[in-house]
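Engineer: Input: one structure, supplied below.
4 protein chains.
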Amino acid sequence: MSQPARNTIPAGISCAADYENHARNLLDPVAWSYLQGGSGNDLTLANNRRAFDAIPLWPRPLADVSGGHTRLQLFGQPLEHPLLLAPVAYQRLFHPDGECAGAMAAAAQGGTTLVSSLASQPLEQIAAAAQQTGGVAPWFQLYWQGERQRTLRLAQRAIATGYPLIVFTIDAPVKLASLTLPGAIRAVNLEAPLAAAPVAAGQSQVFDGWMAQAPTWDDFAWLRQQITVPLLLKGILHPHDAQRAADAGCDGLVISNHGGRVLDGAPAAIDCLPAIADRLGGQLPLLFDSGIRNGRDVFKALQLGACAVLIGRPAIWGLASAGALGVAHTIRLLRDELEATMAQCGCKTLSDIPASR
Amino acid sequence: MSQPARNTIPAGISCAADYENHARNLLDPVAWSYLQGGSGNDLTLANNRRAFDAIPLWPRPLADVSGGHTRLQLFGQPLEHPLLLAPVAYQRLFHPDGECAGAMAAAAQGGTTLVSSLASQPLEQIAAAAQQTGGVAPWFQLYWQGERQRTLRLAQRAIATGYPLIVFTIDAPVKLASLTLPGAIRAVNLEAPLAAAPVAAGQSQVFDGWMAQAPTWDDFAWLRQQITVPLLLKGILHPHDAQRAADAGCDGLVISNHGGRVLDGAPAAIDCLPAIADRLGGQLPLLFDSGIRNGRDVFKALQLGACAVLIGRPAIWGLASAGALGVAHTIRLLRDELEATMAQCGCKTLSDIPASR
Amino acid sequence: MSQPARNTIPAGISCAADYENHARNLLDPVAWSYLQGGSGNDLTLANNRRAFDAIPLWPRPLADVSGGHTRLQLFGQPLEHPLLLAPVAYQRLFHPDGECAGAMAAAAQGGTTLVSSLASQPLEQIAAAAQQTGGVAPWFQLYWQGERQRTLRLAQRAIATGYPLIVFTIDAPVKLASLTLPGAIRAVNLEAPLAAAPVAAGQSQVFDGWMAQAPTWDDFAWLRQQITVPLLLKGILHPHDAQRAADAGCDGLVISNHGGRVLDGAPAAIDCLPAIADRLGGQLPLLFDSGIRNGRDVFKALQLGACAVLIGRPAIWGLASAGALGVAHTIRLLRDELEATMAQCGCKTLSDIPASR
Amino acid sequence: MSQPARNTIPAGISCAADYENHARNLLDPVAWSYLQGGSGNDLTLANNRRAFDAIPLWPRPLADVSGGHTRLQLFGQPLEHPLLLAPVAYQRLFHPDGECAGAMAAAAQGGTTLVSSLASQPLEQIAAAAQQTGGVAPWFQLYWQGERQRTLRLAQRAIATGYPLIVFTIDAPVKLASLTLPGAIRAVNLEAPLAAAPVAAGQSQVFDGWMAQAPTWDDFAWLRQQITVPLLLKGILHPHDAQRAADAGCDGLVISNHGGRVLDGAPAAIDCLPAIADRLGGQLPLLFDSGIRNGRDVFKALQLGACAVLIGRPAIWGLASAGALGVAHTIRLLRDELEATMAQCGCKTLSDIPASR
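Chains as they are written, first to last, in our numbering: chain A, 8 to 364; chain B, 8 to 364; chain C, 8 to 364; chain D, 8 to 364.
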């Protein structure tokens with residue numbers, strides 16, 4: 008990107024959404040549109056927000072919550088709060104410091120980040136950035152690499168680098184449209200670009216191309232056997248799939264519709280959470296992704312069964328506006344709102360948040 | 008039409024709806040408004056879309072769908088996909104190649120077209136155009152011609168020309184307003200224009216004029232006896248009528264509200280499909296028409312009980328923008344979206360699409 | 008009014024609503040706003056329309072309806088159709104021919120009009136205008152005149168003039184705001200203007216002023232005893248009141264919220280009709296008023312239990328645009344739409360319209 | 008404020024909402040935005056209105072309501088009507104006469120006002136202003152002062168001044184953003200500004216700062232023991248809290264979401280009223296606050312279980328526009344609308360208003 012890197016927090020920011028306008032003004036329109044857009048007619052993108060806005064929060068005044076906190080243990084990691092950075096691809100599109108900025112910011116704030124398979128910086132460099140600010144290690148988000156061994160090599164490289172946990176994203180097997188990346192930015196950690204299998208005349212680009220390269224439940228079972236660190240699935244919305252994942256030895260789920268970016272018409276992710284929480288009844292930790300814009304939304308997701316949430320676009324607004332400082336500030340603002348919501352709803356700790364499904 | 012024929016695919020088209028703006032710019036306002044408009048206050052036109060947008064699609068990742076396809080057999084015809092072109096009237100209003108363009112495009116894409124009784128080109132010429140690209144034969148859409156014998160002569164002419172199937176449209180008995188056609192464009196296959204019976208003073212234009220010329224269940228029973236090829240009814244929305252049609256020997260139904268162009272206030276056609284599918288329980292093939300704008304809508308209609316769908320306005324957008332090529336491209340784009348939806352929803356073939364009613 | 012009277016039908020009118028723009032352009036803003044406005048925040052005005060738009064119409068093709076008609080008998084009067092003109096006040100505000108124009112038009116179209124207590128022309132003159140075109144006699148709409156004898160004198164004058172039926176409006180006891188009438192226009196048939204009782208200091212303008220002049224159920228019982236012609240109540244929405252009116256000897260009801268002009272927040276009148284029809288089960292003829300804008304709305308009201316409907320604002324749009332001709336044209340357009348709706352819904356006569364509540 | 012005080016009623020005011028535009032034009036943008044705004048994304052602010060607009064009012068004509076009235080007894084005080092002025096902070100922001108103007112207006116209209124802990128004028132002066140117009144004494148709204156004794160001193164000073172009743176507001180423990188007050192305006196009755204406890208590095212501003220200063224149920228129990236005048240809680244929405252307050256010796260509740268200004272996402276206050284009224288079954292007087300904009304809303308709140316309501320923003324619109332006269336006029340307009348609604352709904356007194364939950 009040609010514009011000079013922004014590394015100072017702009018004046019007048021009082022909530023995470025205040026960064027949105029700054030990012031819009033700073034980013035080039037192609038990157039902005041890639042970041043903000045959904046798929047199809049943006050039905051799912053809009054429903055993600057409509058669904059959050061429709062969930063009520065019940066004030067419960069006069070509860071004694073002084074000395075409360077937002078700490079949790081997640082897969083053995085101690086976290087100061089349940090706000091994780093979502094595995095957004097190609098973050099150097101948004102700031103020259105790319106994924107490293109988020110990793111530093113998350114660690115400094117006592118949380119962690121999920122590093123995308125499509126990260127624009129080396130896994131080792133990102134892990135080092137996180138360590139630099141003394142936080143817990145980042146997690147690795149895995150895309151299927153067309154076949155088993157190449158996928159496994161990628162996961163093992165992350166594990167060897169110190170990533171303690173793999174989040175396997177399974178909801179984006181078909182790429183109907185894609186961004187043309189500026190020259191210097193690419194998925195530096197992949198052996199080869201993700202692509203459909205070549206198709207013969209009369210064959211289907213979808214079924215014979217992309218889906219021939221897509222993972223199946225059998226592939227997941229195989230991967231589960233190969234990997235000993237915790238393995239999560241990201242992109243589950245249907246309770247049957249949640250149960251199947253649990254039965255197949257999954258260690259946790261990320262309930263997500265990929266921020267409305269994949270199948271337009273998919274239900275609002277937050278509307279899918281309660282049925283999955285009911286079905287699994289605490290068998291697995293459930294993380295939530297898709298639509299979080301403020302700390303009240305975080306509380307709503309926790310109320311409906313999540314133990315932590317992923318922050319996608321809002322973190323990138325902070326990144327584009329002020330680099331690592333902007334991401335850290337965004338996390339802090341969201342956490343402040345979460346704390347204020349907890350306090351007003353009478354919850355001293357995350358485990359006090361009442362299940363409301 | 009005076010503007011030169013457009014026969015090349017415009018740049019930047021990534022979905023069928025992208026043709027809409029091209030068509031708007033190319034067509035004269037009267038033709039555009041005739042194409043796009045609904046009846047009355049456009050309540051039904053709007054509800055058709057609102058109803059589709061409200062139907063959720065459930066992603067079912069990790070299913071093995073490689074090598075999947077969209078093939079089906081319909082009334083003995085092998086089709087590559089369930090997308091048929093709807094019987095839009097007077098297609099030379101939209102492109103000089105008229106109905107022939109659609110017939111060629113549909114055949115080339117492995118599907119078929121329904122040719123309107125109000126086609127602006129001879130039935131024989133349209134059938135020949137379809138044959139030229141090696142596809143299956145087009146179907147014939149029949150309007151009642153005011154009395155039995157004239158109606159039968161029209162149907163028999165189509166059958167004799169090789170149309171293998173008659174779709175009898177029954178939902179538009181009254182024409183309260185009509186388009187003034189440019190001189191060269193008319194319903195060339197009719198013996199006489201459709202018109203109301205002349206009414207005496209004090210008589211009703213509706214009851215004594217139009218409805219005196221409209222078909223009844225008795226007429227349908229008679230027609231059923233005369234015609235040995237498959238005979239479908241188009242324009243059924245109420246489950247009682249669906250059952251009655253099945254009992255009267257109908258071979259299939261097209262669930263349709265005529266694209267919101269006839270009775271304003273009629274329910275969204277897609278909202279009527281489940282009750283009819285429940286009532287008939289597989290007795291008859293159900294086709295769906297009214298409101299389809301993308302491949303996700305196609306999947307939704309199949310999920311709710313249809314075996315194939317009719318594409319109306321989107322095909323005409325393609326026709327107006329690029330003639331036969333534009334129609335073929337539109338079909339392909341819709342099919343790609345259908346395939347991607349199937350793949351993301353875990354369906355390898357059309358019969359895997361789960362009934363969700 | 009200063010503008011010259013319009014007495015010719017404008018070009019391009021294809022439905023009753025097309026007159027609305029003509030009327031807007033022709034009327035002075037004060038008269039227009041008086042005509043169109045509702046009360047308070049226009050919640051009820053908007054709900055009247057929203058409720059109609061949400062009612063589905065079910066097409067029932069292939070029914071034999073040739074030779075159908077819209078005739079009915081109402082309180083002994085033979086009517087060609089169930090469209091009555093609502094008792095709009097001060098019609099000389101909208102056209103110099105005032106109430107006489109509507110009376111002529113309604114009679115010429117085989118229907119009738121309700122003449123307001125606040126008519127701007129003498130009752131005798133309006134009745135004569137109706138007779139001139141050979142129709143049935145108009146009905147008289149009665150407002151309470153502050154006390155019994157004055158009210159009775161007004162009703163008796165109407166009956167003596169040949170008005171065969173009294174419609175007693177009971178839903179507008181309080182006038183919080185009112186129009187300043189241009190000099191020449193006033194309620195010429197009243198002995199004295201409607202006004203609140205004078206209130207002492209510390210008394211309530213509402214309870215001690217207006218309501219001291221408002222009628223009660225006792226007054227209605229008394230009036231019922233004095234009057235031998237059919238006596239209807241207009242302004243009933245609650246089923247308890249409907250039952251009480253029937254028990255008190257009422258001959259018919261007009262379900263109405265006064266076009267959204269009285270109590271803002273009152274339910275949409277059409278939403279109140281089914282419960283009243285259920286409660287009374289055919290004991291009394293139910294007429295419907297409030298929100299009808301086209302013939303499809305008329306069908307909806309008949310389906311939900313009405314035997315006839317009142318046309319308010321649309322008739323005035325026709326009146327303002329073209330005098331008696333405009334009103335007659337409006338009635339004809341609405342009737343044509345009603346007939347087309349009946350035909351498309353498979354109804355040959357009004358009694359074929361299915362109860363759908 | 009620099010603009011000259013406005014003390015005359017503007018022309019053309021026919022309902023309380025008509026003052027809104029006047030106030031917008033007269034106030035400086037910061038004060039206006041402070042007055043009008045909600046919190047977060049204004050979800051609760053909007054829902055307060057949407058919920059009121061969705062509640063139907065049932066006209067019940069022909070009831071005998073002449074001589075009706077709106078009088079009530081509330082905590083021993085005789086009131087002419089159930090409209091109390093809400094305890095809006097810093098009223099000198101809106102008019103130089105500040106809280107005194109409202110106190111005079113309320114008393115002159117036979118009602119009363121709630122004086123905020125954050126009043127910009129001395130409690131003694133406000134009480135004297137109310138007495139001047141011969142009305143009942145104003146009530147005192149209490150904010151927790153960080154600790155017990157300071158809170159009690161403030162309450163006792165109010166009681167000693169003649170305030171007969173304490174309304175303890177409990178729903179705003181966290182101040183995330185705040186207004187910078189113009190120099191001359193401040194909370195003159197407080198010993199010290201409300202502030203969070205100082206927090207150490209690593210502590211939470213919310214849990215260790217603000218909430219360490221917030222009251223708890225234990226504090227309420229203690230306060231209840233110290234205070235012998237009636238003690239109400241303001242800011243209850245959940246039925247469990249309502250029951251707990253009743254059990255803890257509370258004398259009345261104000262159902263309120265603080266006008267949508269505190270926890271964005273809290274339910275519309277009016278939607279919470281029925282469950283609380285059901286739960287408490289008349290154990291305690293329930294007052295209602297949040298969203299009232301006209302007399303019809305007042306009737307709706309009474310129908311759902313309130314015995315009186317608080318008027319917030321509309322009273323300030325009147326204050327900003329015309330000082331005490333504007334507030335008095337606003338109260339009168341709302342009362343007139345309440346009376347008209349009662350009359351049209353067949354209610355002669357407040358106790359006739361039917362429970363509709």
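Every residue, glycine too, gets a C-beta built ideally from N, C-alpha and C.
1) Taking 8 Å as the threshold, find out whether the region 105–121 of chain B comes into contact with the region 136–146 of chain B through three or more Cβ pairs.
2) Hey, how far is the Cα of A/G267 from the Cα of D/G298?
3) List, from N- to C-terminal side, the alpha helix (DSSP H) runs of 4 residues or more that fit wholly inside the region 17–95 of chain A.
4) For a cutoff of 8 Å on Cβ pairs, would you count A/A61 as touching chain B?
5) Mind checking whether B/A23 and B/R231 have CB atoms under 8 Å apart?
6) On a Cα-Cα basis, can you pick out the residue from D/L130, D/A204 and D/L79 that is closest to D/T168?
7) Just how far apart, CA to CA, sit A/A362 and D/W146?
8) Cβ atoms of B/A329 and B/R51: under 8 Å apart, would you say?
9) Output yes or no for whether 8 Å exceeds the beta carbon distance between B/A204 and B/A219.
10) Please decide whether A/L64 counts as near chain D, where near means a Cβ-Cβ distance under 8 Å.
11) Measuring straight from C-alpha to C-alpha, what distance separates A/R342 and A/I262?
12) Residues in its own chain within less than 6 Å of B/F214 by CB, not counting five upstream and five downstream?
13) Can you have a look at A/A350 and say buried or exposed, based on whether 16 or more other CB atoms are within 10 angstroms of its CB?
14) Please list the terminal residues of the continuous beta strand (DSSP E) segment that includes A/Q148.
15) If I measure Cβ to Cβ from D/G142 and keep anything under 6 Å in the same chain, skipping five residues before and after, which residues do I get?
16) Identify which residue in B/F306, B/A252, B/N264 and B/A273 has its Cα closest to the Cα of B/R286.
17) Given a cut-off of 8 Å, decide if D/A308 and D/L280 are closer than it, judged by their beta-carbon atoms.
18) Applying a beta-carbon distance threshold of less than 8 Å, which residues of chain D neighbour C/F227?
19) Could you confirm whether any beta carbon from chain B is found closer than 8 Å to the beta carbon of A/V213?
20) Could you check whether B/L100 and B/L317 sit closer than 8 Å to each other, using their CB atoms as the reference points?
21) In terms of DSSP beta bridges, what is D/T120 paired with?
22) List the residues of chain C whose Cβ lies closer than 7 Å to the Cβ of B/I177, in chain order.
23) Would you please state the rounded distance, in angstroms, between the beta carbons of B/S46 and B/V305? I believe it to be under 8 Å.
24) According to DSSP, is B/K241 part of a helix, a strand, or is it coil?
25) Taking B/L186 and B/Y41 to be in contact with their CB atoms under 8 Å, please state how far apart those CB atoms are, rounded to whole angstroms.
26) Roughly how many angstroms lie between the CA atoms of C/A282 and C/A58, to the nearest whole one?
27) Is the CB of D/P17 under 8 Å away from at least one CB in chain A?
28) Along the chain, where does the beta strand (DSSP E) that runs through A/I6 open and close?
29) For C/R164, which residues from the same chain have a beta carbon less than 7 Å from its beta carbon, with the 5 sequence-adjacent residues on both sides left out?
30) When DSSP builds the beta bridges, which residues end up paired with B/V261?
31) Mind pulling the chain B residues with CB within less than 7 Å of A/G259?
32) Are C/L64 and B/A273 close, meaning C-beta to C-beta below 8 Å?
33) Out of curiosity, what's the CA-to-CA distance linking C/G256 and A/P68?
34) Under 8 Å Cβ-Cβ, which residues of chain B neighbour A/T223?
35) Could you name the residues of chain A that B/C76 contacts, counting a contact when the two beta carbons are closer than 8 Å?
36) Applying a beta-carbon distance threshold of less than 8 Å, which residues of chain B neighbour A/P180?
Structural biologist: Straight from the coordinates:
1) yes
2) Numbered from 1 along the first sequence, position 260 holds the residue referred to as residue 267 of chain A. Numbered from 1 along the fourth sequence, position 291 holds the residue referred to as residue 298 of chain D. Whole-angstrom Cα-Cα distance: 34 Å.
3) 25–33, 36–43 and 50–61
4) Start at 1 with the first residue of the first sequence, and residue 61 of chain A comes out as number 54. False, the Cβ-Cβ gap to chain B never drops below 8 Å.
5) Along the second sequence, read from residue 1 onward, the residue named residue 23 of chain B stands at position 16. Along the second sequence, read from residue 1 onward, the residue named residue 231 of chain B stands at position 224. Cβ atoms of B/A23 and B/R231: not closer than 8 Å.
6) Your numbering for residue 168 of chain D matches position 161 in the fourth sequence. Among D/L130, D/A204 and D/L79, the Cα nearest to that of D/T168 is on D/L130.
7) Here residue 362 of chain A refers to the residue found at position 355 when the first sequence is read from its first residue. Here residue 146 of chain D refers to the residue found at position 139 when the fourth sequence is read from its first residue. One C-alpha to the other measures close to 39 Å.
8) Locating residue 51 of chain B in the second sequence gives position 44, counting from the first residue. Locating residue 329 of chain B in the second sequence gives position 322, counting from the first residue. It is Thr, not Arg, that sits at residue 51 of chain B in the sequence shown. In this structure, B/A329 does not lie closer than 8 Å to B/T51 by Cβ.
9) For the purposes of this step, residue 204 of chain B is taken as the residue at position 197 of the second sequence. For the purposes of this step, residue 219 of chain B is taken as the residue at position 212 of the second sequence. Against a cut-off of 8 Å, the Cβ pair of B/A219 and B/A204 comes out as a contact.
10) The sequence position of residue 64 of chain A within the first sequence is 57, counting from 1. Yes, contact with chain D.
11) Along the first sequence, read from residue 1 onward, the residue named residue 342 of chain A stands at position 335. Along the first sequence, read from residue 1 onward, the residue named residue 262 of chain A stands at position 255. Spanning the two alpha carbons is a distance of roughly 21 Å.
12) Stepping through the second sequence from its first residue, residue 214 of chain B is reached at position 207. So the list is empty, once near-sequence residues are dropped.
13) Within the first sequence, the letter at position 343 stands for residue 350 of chain A. The residue is buried, with at least 16 neighbouring Cβ atoms inside 10 Å.
14) Here the question's residue 148 of chain A lines up with position 141 in the first sequence. Note, A/Q148: beta strand (DSSP E), W146 to L149.
15) The count along the fourth sequence starts at 1 and reaches residue 142 of chain D at position 135. Closer than 6 Å at Cβ, skipping near neighbours: A114.
16) The residue labelled residue 286 of chain B in the question sits at position 279 within the second sequence. B/R286 has its Cα closest to that of B/A252, out of B/F306, B/A252, B/N264 and B/A273.
17) Working through the fourth sequence from its first residue, we reach residue 280 of chain D at position 273. Working through the fourth sequence from its first residue, we reach residue 308 of chain D at position 301. It is a contact, given that the beta carbons lie within the stated cut-off.
18) By one-based count along the third sequence, residue 227 of chain C stands at place 220. Chain D residues near C/F227: L69.
19) By one-based count along the first sequence, residue 213 of chain A stands at place 206. Closer than 8 Å: yes.
20) For the purposes of this step, residue 317 of chain B is taken as the residue at position 310 of the second sequence. For the purposes of this step, residue 100 of chain B is taken as the residue at position 93 of the second sequence. In this structure, B/L100 does not lie closer than 8 Å to B/L317 by Cβ.
21) The residue you call residue 120 of chain D lines up with position 113 of the fourth sequence. D/T120 is bridged to D/L92.
22) If you number the second sequence from 1, residue 177 of chain B lands on position 170. Here the neighbours are P68 and L69.
23) Within the second sequence, residue 46 of chain B is the residue found at index 39, counting from 1. Within the second sequence, residue 305 of chain B is the residue found at index 298, counting from 1. Wrong, their Cβ atoms sit about 25 Å apart, outside the cutoff.
24) Counting from one through the second sequence, the residue named residue 241 of chain B turns up at place 234. Of the three classes helix, strand and coil, the one that applies to B/K241 here is strand, per DSSP.
25) Along the second sequence, read from residue 1 onward, the residue named residue 186 of chain B stands at position 179. Along the second sequence, read from residue 1 onward, the residue named residue 41 of chain B stands at position 34. That pair is a contact at about 5 Å.
26) By 1-based counting over the third sequence, the position of residue 282 of chain C is 275. By 1-based counting over the third sequence, the position of residue 58 of chain C is 51. One C-alpha to the other measures close to 15 Å.
27) Counted from its first residue, the fourth sequence places residue 17 of chain D at position 10. By this cut-off, D/P17 is not an interface position.
28) In the structure displayed, chain A extends from 8 to 364; residue 6 of chain A sits before or after that span and is not available.
29) As a position in the third sequence, residue 164 of chain C is number 157, starting the count at 1. Cβ neighbours of C/R164 beyond the five flanking positions: L130.
30) If you number the second sequence from 1, residue 261 of chain B lands on position 254. Answer by DSSP bridge pairing, in chain order: B/K241 and B/L294.
31) As a working mapping, residue 259 of chain A is identified with position 252 in the first sequence. None at all; the shortest Cβ gap to chain B is about 16 Å.
32) As a position in the third sequence, residue 64 of chain C is number 57, starting the count at 1. As a position in the second sequence, residue 273 of chain B is number 266, starting the count at 1. In this structure, B/A273 lies closer than 8 Å to C/L64 by Cβ.
33) Mapped onto the third sequence, residue 256 of chain C falls at position 249. Mapped onto the first sequence, residue 68 of chain A falls at position 61. The alpha-carbon atoms of C/G256 and A/P68 are separated by roughly 57 Å.
34) Along the first sequence, one-based indexing puts residue 223 of chain A at 216. Result: L69, A70 and D71.
35) By 1-based counting over the second sequence, the position of residue 76 of chain B is 69. First, the residue type needs correcting, since residue 76 of chain B is His and not Cys in the sequence shown. Going along chain A in sequence order, the residues near B/H76 (Cβ under 8 Å) are S211 and F214.
36) Start at 1 with the first residue of the first sequence, and residue 180 of chain A comes out as number 173. Those within 8 Å of A/P180 in chain B are P68, A350 and Q351.
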